[in-house]
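Engineer: Take this structure, written in structure tokens, and hold onto it; I'll ask about it next.
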Amino acid sequence: MKHLEQLQHDFQHSLLTDDSRSVLAAITAAGRAGPGRQLSVYTNAYRSRLREVLELDFPVLAAALGEQAFEELAFAYINACPSQGYSLRSFGAQLAEFLDTQPDYCRTPVLAELAGFEWKLGTAFDAADVPPVTVKTMADIAPDRWPELRLVFRPSVQRCDFEWNTPALWQAYKSEMPIPEVQKNPATEPWLIWRRDLSVHFRSLENDEALLMTLALQGKTFEEQCEALARDMSRDETPLRAASILKRWVSDGLISRID
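The opening position of the sequence shown corresponds to residue 1 in UniProt numbering, with each subsequent residue numbered one higher.
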């Protein structure tokens, strides 16, 4: 049994590192193919499968780079960030960071942002399904309770920022429409990603809505959110604007609980 365990370890080591010296000695040199050729069948199949996983998780990035360039990226990532778990669902989690830090790719920062966007879309789709708060639930809350209330968002909700026109690029590639020119935004743009039923949605946020969502995600009370909002608008306008934003969040199915 110890021999089998060591053989399995050596085989796994050869797949992950391309160092096949230990396992080659255990492969019988029979048939038409030698030990190295026999082992390469498994090594190539394993790496090709990981590449396929990345292409499934990052289809627009793959389309933007083209087949050859994406394959080079995939194999570079596989070498730098080998799979660490039994499930391949999380294998691409570090790809955006990889693109952002590697000299061959960081000079084109929109690639890292595009990868990050696609990964967020995937995690939003996979997020746990929690029933949303309804308009009736909101209406049943007594007015004197509102200042201390805290909003809890559904697991799929993600607040993110983009320096480039990444969502527009993604949408164009996905819809097979003319691809717009890559452009850097005049200022960082806040966006929202979430899932409703079986569909993932995303939209840009106005600055005041982005501020409220950031504070809500930090666990701030509704009163604290309104106080922050009032710094940029009149106090007479604040309650109506805050109520309007909250109503949209409820309509979009973003909120799972009000504490």
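Beta carbons: idealized from backbone N, C-alpha and C, even for Gly.
I need the boundaries of the alpha helix (DSSP H) containing residue 250, first residue and last residue.
Structural biologist: Where residue 250 is concerned, the enclosing alpha helix (DSSP H) stretches over 238-251.
Engineer: If you run the structure through DSSP and keep just helix, strand and coil, what is residue 136?
Structural biologist: Three-state result, residue 136: helix.
Engineer: Check whether the Cβ atoms of residue 189 and residue 162 lie closer than 7 Å to each other.
Structural biologist: Taking 7 Å as the Cβ cut-off, residue 189 and residue 162 qualify as a contacting pair.
Engineer: Indicate the three-state DSSP secondary structure (helix, strand or coil) for residue 174 in the structure shown.
Structural biologist: Reduced to three states, the DSSP call for residue 174 is helix.
Engineer: Rounding to the nearest angstrom, what Cα-Cα distance links residue 224 and residue 104 in this structure?
Structural biologist: If you take the alpha carbons of residue 224 and residue 104, they lie about 45 Å apart.
Engineer: Grab me the residues of residue 102's own chain with a C-beta within less than 6 Å of its C-beta, minus the 5 sequence neighbours each way, in chain order.
Structural biologist: Closer than 6 Å at the Cβ level, and outside the excluded window around residue 102, lies no residue.
Engineer: Return the CA-CA distance between residue 130 and residue 66, expressed in angstroms with no decimal places.
Structural biologist: Spanning the two alpha carbons is a distance of roughly 38 Å.
Engineer: What residue range does the beta strand (DSSP E) around residue 123 cover?
Structural biologist: Segment 110-126 is the alpha helix (DSSP H) holding residue 123; no beta strand (DSSP E) there.
Engineer: Tell me which residues share the same chain as residue 256 and place their Cβ nearer than 8 Å to its Cβ, disregarding the 5 neighbours each side in the sequence.
Structural biologist: Counting only Cβ-Cβ distances below 8 Å, and skipping sequence neighbours, we find 130, 131, 132, 133, 152, 153, 154, 155.
Engineer: Leaving out the 5 sequence neighbours to the left and right, which residues in its chain are closer than 8 Å to residue 242 when beta-carbon positions are compared?
Structural biologist: 212, 222, 225, 226, 229.
Engineer: Tell me, to the nearest whole angstrom, how far the beta carbon of residue 110 is from that of residue 166; I am working on the premise that it is less than 8 Å.
Structural biologist: Going by Cβ atoms, the distance from residue 110 to residue 166 rounds to 6 Å, so yes, they are a contact pair.
Engineer: Short check: CB of residue 157 to CB of residue 194, under 7 Å?
Structural biologist: Closer than 7 Å, so yes.
Engineer: Run the CB neighbour count on residue 198, radius 10 Å, all protein chains shown included, and call it buried at 16 or more, exposed below.
Structural biologist: Exposed, by the Cβ-count rule.
Engineer: Using 10 angstroms around the beta-carbon of residue 86, count the other beta-carbons present and answer buried if the total reaches 16, otherwise exposed.
Structural biologist: Residue 86 is exposed by the Cβ-count criterion.
Engineer: Taking the C-alpha atoms as reference points, what is the distance between residue 262 and residue 203?
Structural biologist: Given a span of 1 to 259 for the chain in the structure shown, any question on residue 262 remains unanswerable.
Engineer: Under the rule that 16 or more other beta-carbon atoms within 10 Å means buried, what is residue 108, buried or exposed?
Structural biologist: Exposed, because fewer than 16 other Cβ atoms sit within 10 Å of the Cβ of residue 108.
Engineer: Under a Cβ-count criterion, where at least 16 other Cβ atoms within 10 Å of its own Cβ denotes burial, should residue 245 be classed as buried or exposed?
Structural biologist: The residue in question, residue 245, is buried, as its Cβ has 16 or more Cβ neighbours within 10 Å.
Engineer: Within 10 angstroms of its Cβ, does residue 128 collect 16 or more other Cβ (buried), or is it exposed?
Structural biologist: Looking at its Cβ environment, which holds fewer than 16 other Cβ atoms inside 10 Å, residue 128 is exposed.
Engineer: Spell out whether any CB of chain C is found under 7 Å from the CB atom of residue 154.
Structural biologist: Absent from the structure: chain C. Only one protein chain is present.
Engineer: Kindly indicate the opening and closing residues of the beta strand (DSSP E) around residue 193.
Structural biologist: Element bounds for residue 193: 184-196.
Engineer: Could you give the first and the last residue of the continuous beta strand (DSSP E) run that contains residue 153?
Structural biologist: It spans 151-153 - the beta strand (DSSP E) in which residue 153 sits, taken as one unbroken run.
Engineer: With the cut-off set at 7 Å, would you say residue 191 and residue 60 are in Cβ contact?
Structural biologist: Not in contact: residue 191 and residue 60 (Cβ atoms no closer than 7 Å).
Engineer: Which word fits residue 239, buried or exposed, when buried means at least 16 other C-beta atoms lie within 10 angstroms of its C-beta?
Structural biologist: Classification of residue 239: exposed, given that the 10 Å Cβ count is below 16.
Engineer: What did DSSP end up calling residue 141 once you bin it into helix, strand or coil?
Structural biologist: Three-state DSSP puts residue 141 in coil, outside helix and strand.
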